[in-house]
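Letter by letter, the sequence shown follows residues 54 to 352 in the numbering used here.
We put the beta carbon where it would ideally sit given N, CA and C, even for glycine.
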Amino acid sequence: MPDALPRLGGALFFMRIKIFPENSGKRLDALIAEFLHIGLRQARKLIKVGRVLVDGSQRPKGYKLLPGQEIIIKEKPLKDDKINYKTKIEVVSSATHLAALNKPPFMHSDTGRERFSVRGLLPSIFPQSEACLLNRLDYLTSGILMVALTEKGRNIYKQAQEEGKVDKFYLALVRGKLVEPVVVKKAIDAAKRKKVKVLARESESFLRFTWIYPLNYFSTKNQTLVRVRILKGQRHQIRAHLSFLGHPIVGDPLYGHAVDSEARMYLHHYKISMPGFQASKWPEWCGVELEDILPEEEG
Numbered sequence: 054m055p056d057a058l059p060r061l062g063g064a065l066f067f068m069r070i071k072i073f074p075e076n077s078g079k080r081l082d083a084l085i086a087e088f089l090h091i092g093l094r095q096a097r098k099l100i101k102v103g104r105v106l107v108d109g110s111q112r113p114k115g116y117k118l119l120p121g122q123e124i125i126i127k128e129k130p131l132k133d134d135k136i137n138y139k140t141k142i143e144v145v146s147s148a149t150h151l152a153a154l155n156k157p158p159f160m161h162s163d164t165g166r167e168r169f170s171v172r173g174l175l176p177s178i179f180p181q182s183e184a185c186l187l188n189r190l191d192y193l194t195s196g197i198l199m200v201a202l203t204e205k206g207r208n209i210y211k212q213a214q215e216e217g218k219v220d221k222f223y224l225a226l227v228r229g230k231l232v233e234p235v236v237v238k239k240a241i242d243a244a245k246r247k248k249v250k251v252l253a254r255e256s257e258s259f260l261r262f263t264w265i266y267p268l269n270y271f272s273t274k275n276q277t278l279v280r281v282r283i284l285k286g287q288r289h290q291i292r293a294h295l296s297f298l299g300h301p302i303v304g305d306p307l308y309g310h311a312v313d314s315e316a317r318m319y320l321h322h323y324k325i326s327m328p329g330f331q332a333s334k335w336p337e338w339c340g341v342e343l344e345d346i347l348p349e350e351e352g
């Protein structure tokens, strides 16, 4: 079973895998692919660039592993032009049946083709449970990801969401000046396309509405910090609805004006609240204190 270094409430991409007898004789590339839930091509790429060590030394992709050996997967250094953060997954809150993680940007929630995913790291974060993801965030979006630690946890979350009792709050930095709160009720067509389509008709359920509240206007950049509330979101719902209003998220390469798909997108899922469980994580990029801008009911 893979372990993570260091174990300080989360998991860095600095992973350690102990080889037990049942994995003896396996090829290095096959075992990396198996434990990280990635393809052989991605596993071989990690080995080729020197990020995989066996007992402290580089080994070829076909190396046959022996019991007692230890594999280290080194962290990939960030480019200088990217946001300065440690690539880690923090356990924000944990209870008997549910937990909340803080996902950094530039990381897939589910298994991706080129990078690690939160799903792939769940066994190392919660080694004593059958943890599974309950929601997803886009690759460029940061913030709260919910995890069920038990079957009961999955059922609790599903029932609460169907009843509209799961409140999800986001912070977004958008282009232009937004003065008044607004509710976007437009339906979204997200059927098998990279970019979803906002339809002319209203959504059939209030669970798909997007509530937007302006918090702070930055005149020098003509940008507004907004708080966004959704209940049962669809893929790209917040991004598409804000763009529909004429206020795309800063750094959004799909619905905004960003040219670089690896640019920082300023959308962060900062709070989730449901019966018996809540978690919050304030983003570092916000630049203002939580108590200074949130309305009283959020305090």
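Ends of the alpha helix (DSSP H) at Ile209? Glu204 to Glu215
Uninterrupted beta strand (DSSP E) stretches inside the segment 247-300 (no shorter than 3 residues): 250-255, 263-271 and 276-283
When you compare each of Phe222, Ile85, Met199 and Tyr192 to Ala70 by their alpha carbons, which one comes out closest? In the sequence on display, residue 70 carries Ile and not Ala. It is Ile85 whose Cα lies nearest to the Cα of Ile70.
Any idea what DSSP makes of Gln95, helix, strand or coil? helix
Just the Cα atoms here: how many angstroms apart are Lys156 and Lys141? 8 Å
Would you say Ile265 and Lys221 are within 7 Å of each other, going by their C-beta atoms? no
Around the C-beta of Ser177, are 16 or more other C-beta atoms found within 10 angstroms, so that it is buried, or is it exposed? buried
DSSP puts Ser170 in a beta bridge; with which residues? His161
Kindly indicate which three-state DSSP category Lys101 falls into: helix, strand or coil? helix
For Lys247, which residues in the same chain have their Cβ closer than 8 Å to its Cβ, ignoring the five residues on either side in sequence? Leu307
Going by DSSP, what residues sit across from Phe222 in a beta bridge? Arg282 and Lys324
With DSSP collapsed to three states, give me the class of Ala86. helix
Proximity winner among Val145, Phe259, Lys98 and Gly121, relative to Lys114 (alpha-carbon distances): Lys98
Flag this pair as touching only if the segment 191-201 and the segment 257-275 have three or more C-beta atom pairs under 8 Å; answer yes or no. no
Any idea what DSSP makes of Asn155, helix, strand or coil? strand
Excluding the five sequence neighbours on either side, which residues of its own chain have a C-beta within less than 7 Å of the C-beta of Gly227, listed in chain order? What sits at residue 227 in the sequence shown is Val, not Gly. Contacts found: Gln276, Thr277, Val279, Leu295, His300, Pro301, Ile302 and Val303.
Quick one: grab the DSSP three-state call for Ser182. coil
Alpha carbon of Phe88 to alpha carbon of Tyr116, nearest angstrom: 16 Å
Opposing strand residues paired with Phe330 [DSSP bridges]: Met327
Thinking just about the alpha-carbon of each residue, which of Leu298, Ile325, Val105 and Leu81 is nearest to the one in Leu118? Leu81
Only counting the same chain, and skipping five residues up and downstream in sequence, which positions put a Cβ closer than 7 Å to that of Ala213? Val219, Met327 and Pro328
Less than 7 Å between the beta carbons of Leu187 and Ser162, yes or no? no
Count the other CB atoms, across all protein chains shown, that sit within 10 Å of the CB of Asp108; report buried if there are 16 or more and exposed otherwise. exposed
Alpha carbon of Lys101 to alpha carbon of Arg254, nearest angstrom: 52 Å
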